[in-house]
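One structure below.
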Amino acid sequence: MAIRNILKEDDELLYKKSKPVTEFNERLWQLLDDMAETLKQADGVGLAAPQVGVLRRVFIMDMGDGIIEVINPEIIETRGRQEEVEGCLSIPGVYGITERPAYVKIKAQDRYGKEFYLDGEDLMARCICHENDHLDGILFTKHVIRMLEDEE
Ligand code: NI
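For the sequence shown, numbering that gives the first Met the number 0 begins at 0 and goes up steadily by one.
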């Protein structure tokens with residue numbers, strides 16, 4: 000495993016649309032393992048492949064109960080609305096209140112290509128939407144309704 004460099008908001012790769020994963024092979028597993036180590040080291044909640052310069056539809060999340068690997072996600076249901084604080088490892092020190100659905104359900108594939116469904120509320124719903132946006136080249140600042148002052 001290796002720690003990969005997290006691209007910052009001035010990198011044009013962060014604004015590109017990622018391609019679906021078609022091969023569930025060693026190369027993908029290496030990427031997932033590296034992303035897990037990178038997320039842990041950065042002490043983050045989620046990380047998407049384009050943030051480490053790989054334009055593939057892959058993201059990972061860790062809400063404190065271990066890593067969830069999400070490949071080729073599709074949002075199939077959303078409900079409600081929430082306004083909460085959000086940040087991004089690619090935009091360090093910047094936080095804002097975003098508007099997101101309160102509940103999200105996705106269909107995705109695991110590292111072996113097996114389909115699964117995942118749903119979540121609150122932080123999980125925010126995180127799924129945030130990371131899924133990265134795969135379409137969208138940063139959270141697009142959903143911010145109020146920026147917060149830097150409190151560091
Ligand atoms: Ni992010």
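Just so you know, even glycine gets a beta-carbon here, dropped at the ideal spot from N, CA and C.
- For Ile-74, the closest C-alpha among the options Thr-21, Cys-126, Leu-138 and Lys-141 is that of Cys-126.
- Collapsing the DSSP output to three states places Val-93 in coil.
- With fewer than 16 other beta carbons inside 10 angstroms of its own, Thr-21 counts as exposed.
- A straight-line Cα-Cα distance of about 33 Å links Pro-91 and Glu-114.
- Contact between Met-123 and Met-34 fails: their C-beta atoms lie close to 18 Å from each other, not under 8 Å.
- Here the region 128–136 lies against the region 12–28, with 3 or more beta-carbon pairs under 8 Å apart.
- Excluding its 5 nearest sequence neighbours in each direction, Met-146 has C-beta neighbours in its own chain below 6 Å: Gly-95, listed in chain order.
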